[in-house]
Amino acid sequence: MTSDDTAYPGGARQITTLLELTPDQTEAVLALIAEAAHTDGQQAISEQGRLQLRGGPREGVRHFLLTVGGVGDQLVGYAQLEDTDPVEAPAAELVVHPSHRGHGHGRALGSALLAESGKRLRVWAHGGHSAARHLAQVLGLTLFRELRQMRRGLADFDPPEPVLPDGVTVRTFVPGEDDAAWLAANAEAFAHHPEQGSLTQRDLDDRKAEPWFDPAGFFLAFRGGELVGFHWTKVHAAERLGEVYVVGVRPGAQGGGLGKALTTIGLRHLAAQGLPTAMLYVDADNKAAVTVYERLGFVTYETDLMYRSET
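Plus 2 on top of the position in the sequence shown (first one is 1) and you've got the working numbering.
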């Protein structure tokens, strides 16, 4: 644990760096994230970041708690740093309580992240809000990646029957039986995408334990006994929003229309549940995927931006 005390106009500010959080600290951080999301209309900390708050220490993950006023006082800011990518700089996310913005807390957290990472840093700005862009500029970070959230209505979704490549069959995921095969297929399908391709059994177990997990919406494509592709859907019940959570095709099975067929199967499943809208995330520079989704009627809804240091 390390800490740093700084004075600012509202009182004493302290940033504490931890390898794991207590249950009380976890609940305080989740409450802060929820309050910010209610104000911003956007989660400042990703699903992966929120999952990593629980369950003890995680390899390469550090938590930054910003409090003001004195010992044990109010939590007003949080940041998470993940240093697990063997090539890229550590990645971070941060959030400041809406009632405490405008006092330099975001800059303080950003500076702490830069110091902790040795000035090798990537930072997500979910939603790409102007305040986040300004903070990135203040910290000397430059735009590195654009992740689009795309959406389409499902009320009028009536595609033709999906056509699977010869010899391919589809069934749903069986928890405990398909875990290892899916992790291997996911790693191959997303070898170019470390955030997704590096998922471990612990990461999968975290998601299986979430209230939204439903194996009936997790579709696996097999050729013979080999898992060659998958479409994992997700339902955001409170928002009545379906998600193309992840679609993957093993390299040897790409180019035959399996990805499009799996996407259609998942969307038909979401539409059958009466959900009015479907969403997905895709990198803006993945032109082939963007084109496929646009042809399926998806349009850009909002954009997440990633900034990085130049060192």
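We treat Cβ as the ideally placed atom computed from N, Cα and C, and that holds for glycine. If you're wondering where the values come from, they're calculated on a predicted model, not measured in any experiment.
Tell me which same chain residues have a C-beta within less than 6 Å of the C-beta of residue i, skipping the five on either side of it?
i, result
"V170", "A223 and R225"
"E245", "K236 and M281"
"V172", "F221 and A223"
"F300", "M152 and R154"
"V63", "Q54 and E84"
"A189", "G199"
"T293", "none"
"G142", "none"
"G130", "T305 and L307"
"V73", "Low confidence applies to V73: its pLDDT is 48, below 50, so where it sits in the model is not reliable enough to give any reading."
"A274", "none"
State buried or exposed for residue i, treating a residue as buried only when at least 16 other CB atoms are found within 10 Å of its CB.
i, result
"A157", "exposed"
"P162", "exposed"
"D207", "exposed"
"E95", "buried"
"I17", "buried"
"V284", "buried"
"L312", "Here residue 312 turns out to be Glu, not Leu, going by the sequence shown. Result: exposed."
"V70", "buried"
"G219", "buried"
"R242", "exposed"
"G2", "Given a span of 3 to 313 for the chain in the structure shown, any question on residue 2 remains unanswerable."
"S119", "buried"
"A138", "buried"
"G261", "buried"
"G257", "exposed"
"A187", "buried"
"A33", "exposed"
"A38", "buried"
"A182", "exposed"
"V176", "exposed"
Going by the beta-carbon positions, is the gap between residue i and residue j smaller than 7 Å?
i, j, result
"G268", "T305", "no"
"H128", "A46", "yes"
"L53", "G79", "no"
"L83", "A30", "no"
"A91", "R124", "yes"
"P167", "T266", "no"
"G227", "A255", "no"
"V249", "H238", "no"
"R109", "V140", "yes"
"P217", "T174", "yes"
"H107", "L67", "no"
"E22", "G51", "no"
When the Cα of residue i is compared with those of the options, which residue comes out closest?
i, options, result
"R252", "D207, L141 and H194", "H194"
"L149", "T302, R310 and E312", "T302"
"Q27", "H40, D42, H65 and Q45", "H65"
"E296", "Q44, Q151 and Y247", "Q151"
"L307", "T266, A93 and V294", "A93"
"V89", "P213, H128 and P196", "P196"
"T202", "H131, V63 and W184", "W184"
"K210", "A39, G178, H40 and L32", "G178"
"G259", "A114, A290, A239 and T174", "A290"
"H105", "R15, L116, V292 and L115", "R15"
"A240", "A263, W214, Y247 and L264", "W214"
"A134", "A191, V294, Q44 and T19", "Q44"
"E49", "N288, Y247 and L298", "Y247"
"R122", "L34, N288 and T144", "T144"
"T24", "R56, A33, L298 and W126", "R56"
"D42", "A117, S132 and D75", "S132"
With a CB to CB cut of under 8 Å and the five nearest residues on each side skipped, what residues in its chain are close to residue i?
i, result
"D180", "L222 and L229"
"E61", "T86"
"L264", "P164, V172, F221, A223, G231, F232, H233, V249 and V251"
"I35", "Q45, A46, I47, R52, Y80 and V97"
"S113", "L141"
Quick check: is any heavy atom of the ligand MG less than 6 Å from the C-beta of residue i?
i, result
"R153", "With respect to the ligand MG, the structure offers nothing, as it holds no ligand at all."
Who are the Cβ neighbours of residue i in its own chain at under 7 Å, not counting the five residues just before and after it?
i, result
"F146", "R124, M308, Y309 and R310"
Three or more C-beta pairs below 8 Å linking the segment 258-275 and the segment 95-104: Below 8 Å, too few C-beta pairs join the segment 258-275 and the segment 95-104 to call them touching: fewer than three.
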